[in-house]
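Q: For the sequence shown, the working numbering assigns the number -10 to the initial residue and increments by one for each residue that follows.
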Amino acid sequence: MSIASFKTSARRFGAGSLLAFAVAAAYAQGPAQRPAPTPAPAPTMSAEQWRQAAVADVEAAYLITLDDHPGTVDPANPDFARNLEKAREGGQALASRVRDGAGYAAALQHFNALLGDGRAGVVLKDMPPAAPRWPGFITAWRGDNMFVAATTPGGPAVGARIADCDGKPIAQLVETNVFGFGQRSGGTGPWWTFAPDVFIDQGNPFITLPVQCIFIDEGRESRLTLSWRAMDEAAQRLRDDSFNGVTLPIGVSTPRYGLHWFALPTFQPNDTERAAYGAMLAEVQAGRQRYLDASAVVIDLRGNQGGDAVWGLNLARALWGEARVNRRLKVAQARQAVLWRASFANIAHTSFEAADLSEQQRRQLDYDPAVVAQGMLAAQSRDEKFYPDPARRDPVSDSDRAENLPGDPAPFTKPVYVVVPGQCTGACLEALDVFSLFPNTKLIGAPSAADSSYTDIRLEPLKSGLASVVVPSKVVVNRPRSAATFYTPAIVVNDVEWSQRAFLKAIEADLVRR
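Okay, structure coming up:
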């Protein structure tokens, strides 16, 4: 399954897309992550065939997760095993009522919702669900409320707040219709990204679509009966823009003299984007003085949903200095370690990985799969659940704690504003970890997502060919940022339109206060 397929599924299947985002990002990092090919779903399936597929796939997802996922035996996460049992029970309750592809998707997304971990559950194949519908307007979640972000003639006013639908507060409707059918991590970041899907009809047979909603515009209340209609590509683009705004291409620009704007919309770059990153980093390294003399620097992560953390790390090294960044990371991560889940399937996967790697791919990894496979096998023979990664860290010294050392480049102390989107997870969060090590950094935008501790993901295809199970092989322990921790911006931007202009206005106001 391609990363593009993950992204398409993410758009189509609502709140479950946070899981798809996280898995696609993690999947992008490993050179040898190769899911086995899955058969294309049958062009037509009877209601009974859809029901049987849903029942079988929920059960298989449960069993594979139970056997191989590190969360089921993680002493630091006792809720995982309990949530897995709930996911099985709730997923099967809906699977028994499935009659079509949309119902199948909803049942498996409900399994994800009850499991509740960003690196666990099921990723759906890029199969066509029911054609999406909308009521003629797109919404945006800002702060604790939902607002109209775009509309068609005769629809509610842009900027109007949606108070309730059919007598239910809008937040309650989002909890039931959106987050009841897709994993979400802790915090409010996922609300910014996925709450608007309450007004996107995916054909889910297990929810009731809103019929009549109350809108409040400049103190005036109006009631509108919703008219659901087919959603075209233009409407889908409006939906994407509602939480990210119009993102900028990779690179650096100068919106006004002395203020430099770095756009990092993806950490999963294609060849063209890799070249753009190379050019941007080369420019910073060659002309670092202009940033030392700047009035402010902005690092824009809108659109970013993780991938390879090296892109954010390289920018930090270019701005603050490589040795200085490396020292701070070493101190921050001094106690961090990795444990490999020693199950039969994980051992087999790592052994095959060791045999199949090219020399170039082996150099890209930070571990030797052959050594890890042997260690996991030995741990299993001792009836141990985990194999500790053999990598050893050098102890932290006094010089590691030094803010500046001889040979360091000149300190970079000008104000840095990092624009955070609600879907920021994986390597996007790792970039925030690095940028936040320096006191001249201030976060602006939305709360981020949180991030699971489980990593090194592979996908186990289900027999139906309609979905795959997410199976991480290892858990990161003693990470400075816990699995439940998310970033809250110092400056929250609640403008309905998340434009560069809106962020510049907030940044300029903060610079005046400084």
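Where is the CB? At the ideal position from N, CA and C, for every residue including glycine.
Buried or exposed: where does L394 fall if 16 or more other Cβ atoms within 10 Å of its Cβ makes it buried?
A: By the neighbour-count rule (16 or more Cβ atoms within 10 Å), L394 is not buried but exposed.
Q: Assuming N166 is part of the beta strand (DSSP E), what are its boundary residues?
A: Here N166 belongs to no beta strand (DSSP E); instead the alpha helix (DSSP H) covers 159 to 166.
Q: Smallest Cα separation from S488: which of A252, F188, P142, V44?
A: The residue with the shortest Cα to Cα distance from S488 is A252.
Q: From V44, W181, T177, N72, pick the residue whose C-alpha is nearest to that of T474; which is it?
A: If we check each option's Cα against that of T474, T177 comes out closest.
Q: Give the straight-line distance between the Cα atoms of D387 and R324, rounded to the nearest whole angstrom.
A: Answer to the nearest angstrom: the Cα atoms are 16 Å apart.
Q: How close, in whole Å, do the beta carbons of N101 and V111 come, if the pair is a contact with beta carbons under 8 Å?
A: Indeed they touch by this definition, with Cβ atoms about 6 Å apart.
Q: Provide the residue(s) that pair with H249 in DSSP beta bridges, ordered along the chain.
A: DSSP, once it has assigned bridges, lists V286 as partnering H249.
Q: Need the endpoints of the alpha helix (DSSP H) that M135 sits in, please.
A: Premise fails: M135 lies in the beta strand (DSSP E), 134 to 140, not in any alpha helix (DSSP H).
Q: How would you write the range of the beta strand (DSSP E) that I196 sits in, first residue to last?
A: No beta strand (DSSP E) contains I196, which DSSP labels as neither H nor E.
Q: Anyone know if the C-beta pair for A312 and A343 falls short of 8 Å?
A: Taking 8 Å as the Cβ cut-off, A312 and A343 do not qualify as a contacting pair.
Q: Using DSSP with H/G/I as helix, E/B as strand and the rest coil, what is E179?
A: According to the sequence displayed, residue 179 carries Pro and not Glu. P179: helix per DSSP, three-state reduction.
Q: Counting pairs of beta carbons, one from the segment 263 to 278 and one from the segment 402 to 409, are three or more of them closer than 8 Å?
A: No contact exists between the segment 263 to 278 and the segment 402 to 409.
Q: What does DSSP give as the partner residues of V458 in its beta bridges?
A: Paired residue(s): V111, E449.
Q: I'd like the list of long-range same chain contacts for T402, defined as Cβ closer than 6 Å, with 5 residues on each side in sequence excluded.
A: These residues qualify, in order along the chain: N429.
Q: Using CA coordinates, which residue listed in I203, D383, K114 is at the minimum distance from N134?
A: That would be I203, whose Cα lies nearest to the Cα of N134.
Q: From A479 to K431, what distance separates their C-alpha atoms?
A: The alpha-carbon atoms of A479 and K431 are separated by roughly 6 Å.
Q: Can you say whether D186 is buried or exposed, counting buried as having 16 or more other CB atoms within 10 angstroms of its CB?
A: D186 should be labelled buried.
Q: With which residues is W130 paired in a DSSP beta bridge?
A: M135, per the DSSP bridge assignment.
Q: How long is the line joining the alpha carbons of M269 and L73, rounded to whole angstroms?
A: C-alpha separation (whole angstroms): 44 Å.
Q: Taking T54 as the reference, give the member of C417, K157, S457, A91 with the closest Cα.
A: The candidate whose alpha carbon is nearest that of T54 is S457.
Q: Rounded to whole angstroms, what's the CA-CA distance from V485 to I127? Just pull it up for me.
A: Rounded to the nearest angstrom, the two C-alpha atoms are 11 Å apart.
Q: With G125 and V137 assumed to form a contact (beta carbons below 8 Å), what rounded beta-carbon distance in angstroms separates them?
A: That pair is no contact at about 10 Å.
Q: When you compare only the Cα positions, how much space is there between V501 and K494?
A: The straight-line gap from Cα to Cα measures roughly 11 Å.
Q: Can you tell me whether DSSP reads D355 as helix, strand or coil?
A: D355: coil per DSSP, three-state reduction.
Q: Tell me the rounded alpha-carbon separation between P20 and P377.
A: Note on P20: pLDDT 34, under 50, position unreliable in the model; the coordinate value appears next. If I take the Cα positions, the gap works out to 22 Å.
Q: Would you decide whether A91 is buried or exposed? Buried here means 16 or more other CB atoms lie within 10 Å of its CB.
A: Its Cβ being crowded by 16 or more others within 10 Å, A91 is buried.
Q: For the segment 42 to 61 against the segment 460 to 468, are there 3 or more C-beta pairs whose distance is under 8 Å?
A: These segments touch.
Q: So the candidates are S216, W39, G80; which of them puts its Cα closest to the Cα of P199?
A: That would be S216, whose Cα lies nearest to the Cα of P199.
Q: Once you ignore the five residues that flank R77 on each side, which residues in its own chain have a CB closer than 8 Å to its CB?
A: Within the same chain, R77 has close Cβ partners V47, E48, Y51, F100.
Q: Alpha carbons only, please: which of A129, P450, L448, Y476 is nearest the one belonging to S437?
A: Ranking A129, P450, L448, Y476 by Cα distance to S437 puts Y476 first.
Q: Can you give me the C-alpha to C-alpha distance between A367 and F183, rounded to a whole angstrom?
A: If you take the alpha carbons of A367 and F183, they lie about 44 Å apart.
Q: Taking just the CA atoms, how far does V360 sit from G267?
A: Computed Cα separation, rounded: 34 Å.
Q: Distance check for Q98 and R40, CA to CA, integer angstroms please.
A: Distance between the alpha carbons of R40 and Q98: 15 Å.
Q: One question on the structure: do R150 and N483 come within less than 8 Å of each other, judged by their Cβ atoms?
A: Going by C-beta atoms, R150 is not nearer than 8 Å to N483.
Q: How many angstroms separate the CA atom of Q322 from the CA atom of P384?
A: When rounded, the distance between both Cα atoms is 11 Å.
Q: Any chance you could list the alpha helix (DSSP H) runs of at least 4 consecutive residues sitting entirely within the segment 293 to 348, in chain order?
A: As far as the segment 293 to 348 is concerned, its whole alpha helix (DSSP H) runs of at least 4 residues are 299 to 309, 311 to 321, 333 to 345.
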